[in-house]
Amino acid sequence: MRVYSPDSLSDDSLASPILDGDYLFPGPFDSFLEEDIGGDPVDATSPSSTGGTPNPRKTPPFSAEPLQLSEHSSVLNCGAVENSSATGGSSLARSSMAEHERRRFSASELISRLQLSQRKNSFTLKLGKSLSARVASRDRQNPSNLSSDCECPASGIFLRSAILILILNHPYVLFLLNILISLSLSLSSAILYQEYSDVAINREILRQQGEEPGAEEERLREEGAGETPSPSNLSPSSSFCSSRGSTFSLWQDIPDVRTSGQLDNFSNVERKLQEAKFELVTSEASYIRSLTIAVDHFMLSQELGECLGAQDRQWLFSKLPEVKDVSERFLQDLEHRLEEDILRFDVSDIVLAHCPALRRVYLPYVTNQAYQEQTYQRMLQENARFPGILARLEEDPICQRLPLASFLILPFQRITRLKMLVENILKRTTPGSRDEDTATKAFNELKKVECNSSVQSMKRMEELIHLNKKIHFEGKIFPLISQSRWLVKHGELLEVDTQTMSISGSKFKLPTRPVYLHLFNDCLLLSRRKDTWKFMVFVHAKIGQLKVKDLSQKLQGISGFIFHLQLCEGRQLKHQILLKAHTESGKQRWITAMFPSDPLEDIEQATENDDLSQVQCIKSYQAQEHDELTLEKADILQAKTITSDGWVEGIRLSDGERGWFPKTNVEEITSRSARLRNLRENIRIKFVTQKLEEELF
Numbered sequence: 001m002r003v004y005s006p007d008s009l010s011d012d013s014l015a016s017p018i019l020d021g022d023y024l025f026p027g028p029f030d031s032f033l034e035e036d037i038g039g040d041p042v043d044a045t046s047p048s049s050t051g052g053t054p055n056p057r058k059t060p061p062f063s064a065e066p067l068q069l070s071e072h073s074s075v076l077n078c079g080a081v082e083n084s085s086a087t088g089g090s091s092l093a094r095s096s097m098a099e100h101e102r103r104r105f106s107a108s109e110l111i112s113r114l115q116l117s118q119r120k121n122s123f124t125l126k127l128g129k130s131l132s133a134r135v136a137s138r139d140r141q142n143p144s145n146l147s148s149d150c151e152c153p154a155s156g157i158f159l160r161s162a163i164l165i166l167i168l169n170h171p172y173v174l175f176l177l178n179i180l181i182s183l184s185l186s187l188s189s190a191i192l193y194q195e196y197s198d199v200a201i202n203r204e205i206l207r208q209q210g211e212e213p214g215a216e217e218e219r220l221r222e223e224g225a226g227e228t229p230s231p232s233n234l235s236p237s238s239s240f241c242s243s244r245g246s247t248f249s250l251w252q253d254i255p256d257v258r259t260s261g262q263l264d265n266f267s268n269v270e271r272k273l274q275e276a277k278f279e280l281v282t283s284e285a286s287y288i289r290s291l292t293i294a295v296d297h298f299m300l301s302q303e304l305g306e307c308l309g310a311q312d313r314q315w316l317f318s319k320l321p322e323v324k325d326v327s328e329r330f331l332q333d334l335e336h337r338l339e340e341d342i343l344r345f346d347v348s349d350i351v352l353a354h355c356p357a358l359r360r361v362y363l364p365y366v367t368n369q370a371y372q373e374q375t376y377q378r379m380l381q382e383n384a385r386f387p388g389i390l391a392r393l394e395e396d397p398i399c400q401r402l403p404l405a406s407f408l409i410l411p412f413q414r415i416t417r418l419k420m421l422v423e424n425i426l427k428r429t430t431p432g433s434r435d436e437d438t439a440t441k442a443f444n445e446l447k448k449v450e451c452n453s454s455v456q457s458m459k460r461m462e463e464l465i466h467l468n469k470k471i472h473f474e475g476k477i478f479p480l481i482s483q484s485r486w487l488v489k490h491g492e493l494l495e496v497d498t499q500t501m502s503i504s505g506s507k508f509k510l511p512t513r514p515v516y517l518h519l520f521n522d523c524l525l526l527s528r529r530k531d532t533w534k535f536m537v538f539v540h541a542k543i544g545q546l547k548v549k550d551l552s553q554k555l556q557g558i559s560g561f562i563f564h565l566q567l568c569e570g571r572q573l574k575h576q577i578l579l580k581a582h583t584e585s586g587k588q589r590w591i592t593a594m595f596p597s598d599p600l601e602d603i604e605q606a607t608e609n610d611d612l613s614q615v616q617c618i619k620s621y622q623a624q625e626h627d628e629l630t631l632e633k634a635d636i637l638q639a640k641t642i643t644s645d646g647w648v649e650g651i652r653l654s655d656g657e658r659g660w661f662p663k664t665n666v667e668e669i670t671s672r673s674a675r676l677r678n679l680r681e682n683i684r685i686k687f688v689t690q691k692l693e694e695e696l697f
């Protein structure tokens with residue numbers, strides 16, 4: 001199966017010299033106009049009117065008939081042009097190739113055909129502008145030519161317009177136009193999943209902020225402000241573009257859909273549902289394209305293979321070929337479904353059927369993540385040949401300047417994105433319908449694929465074993481390693497000594513000394529550093545025996561962010577300490593970590609009419625500490641606390657995970673209607689998934 005999705009012309013490529021009139025017509029432009037447009041339309045082989053000899057005008061060295069581009073081929077072979085002109089059996093050859101190209105439907109091929117049409121339109125427009133500028137430049141240089149041809153500006157404009165129309169329909173131009181488009185398609189790289197996913201997520205961000213694509217047209221239609229196009233008359237400009245200029249087609253852009261006459265019968269909700277399903281198919285095709293590069297270009301590279309040992313190669317690439325094979329079979333079934341009914345197709349049942357296979361290959365790949373990262377960094381630092389070989393592979397145009405790391409992380413990103421795509425489908429299904437039931441089952445199964453509790457438990461246990469070697473207790477035995485224990489937060493604060501006081505000028509001065517805190521899900525340890533990586537615990541207590549008081553006001557003239565901590569044993573006070581953080585967020589993060597609320601209760605208690613403060617991730621963030629939350633673009637969160645130094649504590653609506661993240665990575669959702677819609681959609685998702693779980697048990 002060929003998976004190929006050619007990139008459309010970007011703004012940079014459209015500015016290339018190959019699109020300029022100087023490239024197409026390298027000779028004197030005036031002579032071209034006089035010879036091919038202004039001259040008499042006399043056949044090249046007809047006798048001259050004066051001497052009876054053949055006209056000296058040369059016939060073109062190629063056929064004047066424009067090159068016909070195959071609509072069914074996703075890759076245009078420019079060599080076919082030479083073959084067709086060099087052999088007499090070209091018709092038979094073309095017929096044989098056309099017969100060979102007749103194969104089943106391909107989502108990637110469909111994207112290619114849509115992009116080819118858009119590219120030709122853009123190409124022609126650019127060429128027309130280039131030639132228009134050329135004519136205008138000639139007129140400015142020789143104003144007498146224009147005045148001799150016409151006496152008024154209007155007639156001059158008409159003449160130039162007629163000339164441009166003739167040029168763009170001239171056989172030479174048509175031939176060159178098709179050749180250059182063919183070259184562009186064959187030389188350009190396919191749209192990789194990294195770019196496709198980024199653009200699709202940006203569209204979801206706009207939708208969740210209340211700026212859903214098509215909303216402007218809907219408002220105009222409701223207000224009656226002028227005529228708005230019907231769904232069936234929407235132009236391919238409804239496709240969305242990336243920063244590189246790559247064009248991504250929508251379901252409604254498919255010719256079979258646009259010409260079916262049925263698009264007007266679809267409601268706005270139904271169209272959005274089909275678009276959500278179509279995005280799942282096209283994004284899978286783009287994902288496989290990137291996986292193919294990861295396997296064929298990097299993993300199977302002979303030079304890289306000789307550089308890596310067998311074990312390092314296994315840790316670096318893990319089960320990537322198996323992931324690719326399973327994804328290809330998944331895409332084949334999606335394409336078959338699209339081929340059966342392009343108008344009313346469903347994909348949720350196919351996702352559900354493939355979940356066991358996805359889990360079988362994704363689980364080992366995710367489990368290997370820690371070894372993959374360690375191997376990658378170790379190879380960069382210790383293997384002298386690895387950085388150079390990797391740089392050469394990454395510089396290949398097929399990678400589109402993307403590093404190997406961006407390809408290795410794709411399976412982690414894809415399984416999360418696939419769940420989000422099915423969730424978007426579920427949001428748009430009719431409540432109580434069969435589509436809703438199937439999408440709910442697929443969504444639940446994908447959560448099982450994404451959720452890797454065994455990997456999380458393994459990481460937590462490794463961390464406890466590592467800490468057990470560093471933490472020591474004063475004359476007591478404390479079994480730190482436990483299956484039910486994990487580290488929540490750790491770090492150094494300053495203990496304020498209230499027993500020793502000095503006066504500096506008119507202010508009291510209290511000395512401080514460092515104290516290290518290890519907060520687990522069931523206990524808190526306070527310790528002093530023995531050296532850089534060893535700690536001596538002087539007091540500990542269970543989580544339920546802690547009491548904290550936030551001292552927001554300055555204490556005894558001491559500036560800083562201070563809170564009072566008490567450690568109890570039963571009803572007796574065991575130890576108390578005054579702690580000082582360096583920032584407001586540092587203090588708030590420790591207080592919320594010691595006294596966490598149930599994030600699921602916070603969300604579940606919300607009703608559809610509760611207008612909760614919401615923020616949306618606009619830049620992904622990788623958690624650096626245990627109490628932080630890893631964010632992906634388009635995540636919606638309920639903002640619980642915002643500190644003056646730029647940190648936010650939030651609860652992600654989709655899974656109830658709670659944590660801290662930088663304010664710069666999110667953006668407030670200011671539209672009340674958008675906030676209510678996001679909450680309403682979240683409540684509905686939770687309701688249908690809980691209902692399904694109750695039915696299963």
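Mapping of the sequence shown onto the UniProt record's numbering: position 5 corresponds to residue 5, and the numbering continues sequentially without gaps.
Cβ coordinates follow ideal geometry from the N, Cα and C atoms, glycine included.
Is residue i near residue j, with beta carbons less than 8 Å apart?
i: Cys307; j: Ile398; result: no
i: Leu653; j: Asp610; result: no
i: Ile288; j: Lys633; result: no
i: Asp645; j: Ile591; result: no
i: Leu487; j: Glu462; result: no
i: Val326; j: Val351; result: no
i: Ile651; j: Leu631; result: no
i: Met594; j: Val648; result: no
i: Gly544; j: Phe561; result: no
i: Leu546; j: Leu573; result: no
Should residue i be labelled buried (16 or more other beta-carbon atoms within 10 Å of its own) or exposed?
i: Gly261; result: exposed
i: Thr430; result: exposed
i: Phe25; result: Residue confidence is low: Phe25 scores 43 on pLDDT, short of 50, so the model does not pin down where it sits. No coordinate-derived value is stated.
i: Leu334; result: buried
i: Lys534; result: exposed
i: Ile254; result: buried
i: Val269; result: exposed
i: Leu187; result: Reliability of the predicted coordinates at Leu187 is poor, the pLDDT of 37 falling under 50, and the value obtained from them is presented with this limitation in mind. Exposed, because fewer than 16 other Cβ atoms sit within 10 Å of the Cβ of Leu187.
i: Arg658; result: buried
i: Gln690; result: exposed
i: Gly439; result: At residue 439 the sequence reads Ala, which differs from the Gly that was named. With 16 or more Cβ atoms within 10 Å of its Cβ, Ala439 is classed as buried.
i: Leu418; result: buried
i: Phe687; result: exposed
i: Met536; result: exposed
i: Phe478; result: exposed
i: Asn682; result: buried
i: Met458; result: exposed
i: Ser318; result: buried
Can you tell which of the options has its C-alpha closest to the C-alpha of residue i?
i: Ser406; options: Ile201, Phe298, Phe330 and Leu524; result: Phe298
i: Ser482; options: Lys476, Leu494 and Cys523; result: Cys523
i: Leu320; options: Leu404, Leu408, Gln377 and Arg329; result: Leu408
i: residue 726; options: Arg428, Lys542, Glu395 and Lys448; result: A query on residue 726 cannot be resolved here, the shown segment of the chain reaching from 1 to 697 and no further.
i: Arg529; options: Phe473, Ser286, Ile342 and Thr259; result: Phe473
i: Leu578; options: Val515, Arg392 and Arg414; result: Val515
i: Glu373; options: Ala391, Trp315, Lys324 and Arg344; result: Trp315
i: Arg203; options: Gln616, Ser457, Ile642 and Gln622; result: Gln616
i: Ile685; options: Lys427, Gln588 and Lys619; result: Lys427
i: Asp198; options: Arg337, Gln413 and Ser585; result: Gln413
i: Ile293; options: Gly570, Pro403, Leu526 and His490; result: Pro403
i: Lys489; options: Leu519, Val295 and Arg460; result: Leu519
i: Thr512; options: Phe538, Lys470, His582 and Lys469; result: His582
Requested in this report: Indicate whether the contact test is met: 3 or more Cβ pairs, each with one atom in the stretch 376-389 and one in the stretch 353-364, closer than 8 Å.
Outcome: Touching, no.
Query raised in the report: Between the stretch 436-449 and the stretch 413-425, do at least 3 Cβ pairs fall closer than 8 Å?
Result: Three or more pairs of CB atoms, one per stretch, sit closer than 8 Å, so the stretch 436-449 contacts the stretch 413-425.
Query raised in the report: Whole alpha helix (DSSP H) runs in the stretch 282-313 with 4 or more residues, listed along the chain?
Result: Unbroken alpha helix (DSSP H) runs of no fewer than 4 residues, entirely contained in the stretch 282-313, are found at 302-307, following chain order.
Query raised in the report: Mind pulling the beta strand (DSSP E) runs of 3 or more residues that sit fully within the stretch 423-480?
Result: The DSSP assignment places 471-473 as complete runs of the beta strand (DSSP E) inside the stretch 423-480, in order along the chain (cut-off: 3 residues).
Query - Secondary structure, beta strand (DSSP E): runs of 3+ residues fully inside the UniProt domain "SH3" (610-671) - result: If we require 3 residues or more, the beta strand (DSSP E) runs fully inside the UniProt domain "SH3" (610-671) come out as 614-617, 636-642, 647-652, 658-662 and 666-668.
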